[in-house]
DNA sequence: TTGATTTATTCCTGCATGGGAATATTATAT
DNA sequence: ATATAATATTCCCATGCAGGAATAAATCAA
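Protein chains in written order, with our numbering: chain A, 231 to 352; chain B, 231 to 352.
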């Protein structure tokens, strides 16, 4: 069995950095024409069209016709499965972050307790 | 330019469902031997070893020798980039979930306000 | 040493890839 | 009808895949 198609599911579709870039761009702003993305991404027009086709078959993106151009908009909720999956591992690094945060807060609290600490060592 | 290697980065590594499965299994429990995973996943031993190799070069997994067997453990913090990326899109569906949640809470509140509602229609 | 157990590696194959170039398609304008 | 603009599609290629089968390598046991 060869490697799964990029259009097989969302996980395969977003493995491509360019496609994540497209998603990022589409996430700020409403709908974008292809030529718009070509300029923004510095990619060739066929390349952009192909990436959009992949994202479209997976459902991450939808298309509306506007005259001779095609407007693509993000359908971000298709990314939820990715979020749901990776969210389960958040605890593995928030444990660390928590202790750092707690330490920072403890220090801040100590400083506040003794008033404005003068910058002695300056 | 052909498709990026599965070992190119975390996004490519986790595109494979079996590898996500391995990650899931490793996330509960400490370290697991290869044969252990073979049994749990119902995959062939070479297949498991190859997937583990991919995960290892990307850093998601680390290996310790224990006699003739190799114990693999999860290094989940390598998944943080995925989480960081997809987290930016959470708002696109939590908007929906919020209204659903709010609706549920509103209804619950209304019920509480008028006391235990009798099950009329039973 | 010989044999058994566990894991890694090699060899194979079919197949989808991403990009570039060229071309086809679709729509607008004159 | 013809020209122009915007986008999609086709053809090309080199590459790396995932799985199976077979084999190699590592380690332990007697």
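Don't be surprised by glycine CBs; every beta carbon is placed ideally from N, CA and C.
Closer than 9 Å at the beta carbon, the chain A residues around residue i
i	result
residue 235 of chain B	Going along chain A, no residue has its Cβ under 9 Å from residue 235 of chain B, so there is no contact; the nearest lies around 10 Å.
residue 245 of chain B	233, 234, 236, 238, 239, 241, 242, 243, 244 and 245
Element boundaries [beta strand (DSSP E), containing residue i]
i	result
residue 263 of chain B	261 to 263
residue 248 of chain A	Here residue 248 of chain A belongs to no beta strand (DSSP E); instead the alpha helix (DSSP H) covers 247 to 257.
residue 296 of chain B	291 to 296
residue 303 of chain B	299 to 304
Residue i - containing alpha helix (DSSP H), residue span
i	result
residue 279 of chain B	275 to 288
residue 317 of chain A	310 to 317
residue 234 of chain B	No alpha helix (DSSP H) contains residue 234 of chain B, which DSSP labels as neither H nor E.
Residue i vs residue j beta-carbon contact at 9 Å
i	j	result
residue 240 of chain A	residue 288 of chain A	yes
residue 260 of chain B	residue 270 of chain B	no
residue 273 of chain A	residue 302 of chain A	no
residue 320 of chain B	residue 313 of chain A	yes
residue 234 of chain B	residue 245 of chain A	yes
Spatial neighbours of residue i in its chain, beta-carbon cut-off 6 Å, leaving aside the 5 residues before and after
i	result
residue 337 of chain A	The predicted position of residue 337 of chain A is uncertain, since its pLDDT is 43 and thus under 50; no value can be drawn from it.
residue 267 of chain B	278
residue 248 of chain A	281
residue 330 of chain A	Only weak support exists for where residue 330 of chain A lies, its pLDDT of 49 falling under 50; the value from the coordinates is given anyway. So the list is empty, once near-sequence residues are dropped.
residue 294 of chain A	301
residue 299 of chain B	263
residue 292 of chain A	303 and 305
Same chain only: Cβ atoms within 7 Å of residue i, ignoring 5 sequence neighbours per side
i	result
residue 279 of chain A	264
residue 237 of chain B	243, 284, 287 and 288
residue 306 of chain A	257
residue 323 of chain B	none
residue 251 of chain B	271
residue 316 of chain A	none
residue 311 of chain A	240
residue 318 of chain B	none
Neighbourhood of residue i by C-beta distance below 8 Å, restricted to the same chain and skipping five residues each side
i	result
residue 297 of chain B	none
residue 276 of chain A	none
Closer than 8 Å: residue i CB and nearest the ligand ADP heavy atom
i	result
residue 266 of chain B	Judged by which ligands are present, the structure shown has none, so any question about the ligand ADP falls away.
Exercise for the section: Using a Cβ-Cβ cut-off of less than 8 Å, give me the residues of the stretch 299 to 318 of chain A that come near chain B, in sequence order. Expected result: 304, 306, 307, 309, 310, 312, 313, 315, 316, 317 and 318
Exercise for the section: Report the residues of the stretch 250 to 273 of chain B with a CB closer than 9 Å to any CB of chain A, ordered along the chain. Expected result: 250, 253, 254 and 257
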